[in-house]
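Numbering (the working numbering), first residue to last: 3 to 750.
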């Protein structure tokens, strides 16, 4: 194998279908081709057209590819420019061409390799003419200048040229000592363009190339070179002969570099250097600014780095540091002071490096230099993460000399934060008989930020009514830890108990207290447009879920006889019922049909068996069924006036649900305590027109009383007595006018 030495910067080599190798050069921006020499060389296709074009159509043209190089060549032609070489064979073909510009290609093949060549033949189509009108031929540019590209073109055949007929390319030609190469600066469509002058290294120039297309295949190209304005940066030192970093090299001054005007160059002066056998320190630049900076070279300019003899005395204090004792997690700070003294003309104290060793030790901001006859402080911080003694040191290199400051420090374990138990930590509020309640006992860790967290090792209670659900392990300073418990009580009255939390080896006792009462019903809302429920459980927590299809009517009932109400839905069009035993998004547990289109569903425990089933109201008649499922009513009776809205409730507390009616136009309420025909046993007015009726047990007395939802106010008005009177309880809720109210005892 022979190595390939090109003297260039090849980053990729790719083999073409014809066997040639293509080399990509990243530095010079070129693509080169290498062909195999000798009898095994890949073919090189060539093609000519005779005549090359014509002013009349049709035109007979002969295409000749016999000048292609290679042995035992075979030829295939693409005359219709469809990418398929299926329009002819042989080294010469003749075709008759119509008006337009025709691109004809030939593929020459030999020994498994192939190459293609193309020729464009205009027939009765004159290419457009184009003139570059901007920039002028004498134009020059500086870096960042806005260069206006503009051209004027016309088509001798009368084709109307548009803005899209113009395509520009901006090329940058960069010439080095080895060769010249191109960079593509951009491609643009449109007659007039604004481009920016490049800051590419000098010598470089721009070339604007415009190509105009006439839409018939005819094209014309024009170009214009735009030369840069050169500017020279000269760097010197005082005294002369020093070295300066002038991108990209460290040069001996005086030195110069030519750039495109308004370009930036990086310069950097060493802090200290030997010039003519003596040590000098940097004082400043003639133009000002830091030792290392960017210089904009707009015109020819000279900058000088001024140096002075290093006669500066440097003192670093203290000679040793003993950091104040601190705790793990805490930070303490002291300072190292650098003081310089000497003649006013002497150099600053250049801090060339600053390092520190030792676990938890760190240096703060370090100045670049300390002017002569001044002082500067460097913060030293100690932030230990483990306890124990630390030995370290700070080392500064100032004007070439080392200064070492030993550092000792000691870190102790921080004290543990203080556990704070709020006075109301065990105030549970309300417990519903027979319904366990989860409760969070909140504990706080107070103290300084560096103090250690409180470690909780356990929690317990000797009371069987209290169960431990979750216990935190750590409570950080400033945070709250939650011990989650579950409490239950079967008797009404007061609940009192104790919770013991173990903090390390210490026992912290927290008194638990709650009032115990019967469960009460809570109102709920259903959005018939989306199927979203908004419910409140027995402990007052509001939540949202989706159940049911838009347009169906909501139901709440104790379908599984567990004492809690869950959703159901009734389809008014056909009496389809689907119910669930969970108050959450999900599928139905049971489906059946009851009633017919236009019926109004009512939910109740019609036989005092602890389970809710359905009745339907149809034109003043109530159809009661004591089981869930498709079937006929167990009995029916007439009650009420057609058009009044039915609702259900255990109005007398006997355990049996009965039916009432509500006249929405007037707020008139009337009901019976028996599931039989007859006149109303009680009637009164409650609410105003457009209110929506519900009934529930809102005070735990086991009697259900009326309530209304007022859509215009998004408010429930609930009464604990079935009578015309002011509401005992008002509840504001997030709802809209079309939402449907219902009521029940929701599970947690």
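Every residue, glycine too, gets a C-beta built ideally from N, C-alpha and C.
Counted as a single uninterrupted DSSP element, the beta strand (DSSP E) harbouring residue 52 occupies residues 50 to 52.
Your pair residue 220 and residue 103 checks out as a contact, with CB atoms roughly 5 Å apart and the cut at 8 Å. Under the three-state reduction of DSSP, residue 347 is assigned to coil, being neither helix nor strand.
Residue 652 sits in coil when the DSSP states are folded into three classes, being neither helix nor strand. According to the DSSP assignment, residue 391 belongs to the beta strand (DSSP E) that extends over 390 to 400.
Taking 8 Å as the cut-off, the beta carbon of residue 306 is found closer than this to the beta carbon of residue 288.
When secondary structure is reduced to three states using DSSP, residue 734 falls in the strand class. A distance of 8 Å or more separates the beta carbons of residue 416 and residue 456. Closest option to residue 438, judged by alpha-carbon separation, among 486, 363 and 640: 486. For residue 71, there is no enclosing beta strand (DSSP E), as DSSP marks it with neither H nor E.
Counting C-beta atoms within 10 angstroms of its own C-beta, residue 207 has 16 or more neighbours from the protein chains shown and is therefore classed as buried. The beta carbon of residue 579 sits closer than 6 Å to the beta carbons of 572, 594 and 596 from its chain, once the five residues preceding and following it are set aside; these are given in chain order. In this structure, residue 577 sits near residue 599, with a CB-CB distance shorter than 8 Å. The Cβ atoms of residue 431 and residue 516 lie closer than 8 Å to each other. The residue from 603, 73, 632 and 636 with its alpha-carbon nearest to that of residue 621 is 603. Counted as a single uninterrupted DSSP element, the beta strand (DSSP E) harbouring residue 208 occupies residues 206 to 215.
For residue 192, the three-state secondary structure derived from DSSP is coil.
In this structure, residue 309 lies near residue 239, with their beta-carbon atoms less than 8 Å apart. Between residue 524 and residue 748 a beta carbon distance of about 6 Å is seen, short of the 8 Å cut, so the two are scored as contacting.
The three-state reading of DSSP puts residue 167 in helix, counting H, G and I together. Annotated as proximal: residue 705 and residue 652, with beta-carbon spacing under 8 Å.
Note: residue 186 is bridge-paired with 173 in the DSSP secondary-structure output. Sorting 144, 49 and 135 by C-alpha distance to the C-alpha of residue 152 places 135 at the top.
Put simply, of 138, 320 and 393 the residue whose alpha carbon is nearest the alpha carbon of residue 381 is 320.
Straight across, the Cα-Cα distance linking residue 568 with residue 507 is about 47 Å. Minimum Cα-Cα distance from residue 700 among the listed residues 341, 683, 745 and 670 corresponds to 745.
Contact between the stretch 678 to 693 and the stretch 716 to 726 is present: 3 or more CB-CB pairs across the two stretches fall below 8 Å.
Counting other Cβ atoms within 10 Å of its Cβ, residue 252 stays below 16 and is therefore classed as exposed.
Bounds of any beta strand (DSSP E) do not take in residue 641, whose DSSP letter is neither H nor E. Taking 8 Å as the cut-off, the Cβ atoms of residue 673 and residue 662 count as close. According to the DSSP assignment, residue 679 belongs to no beta strand (DSSP E), since it is labelled neither H nor E.
In this structure, the beta-carbon distance from residue 107 to residue 80 falls below 8 Å. Out of 495, 299 and 274, the CA that lies nearest to the CA of residue 370 is found in 274. When the five nearest sequence neighbours on each side are left out, the beta carbons in the same chain lying within less than 6 Å of the beta carbon of residue 169 are those of 191 and 213, in order along the chain. According to the DSSP assignment, residue 707 belongs to the beta strand (DSSP E) that extends over 707 to 712. Under DSSP, the beta-bridge partners assigned to residue 592 are 581.
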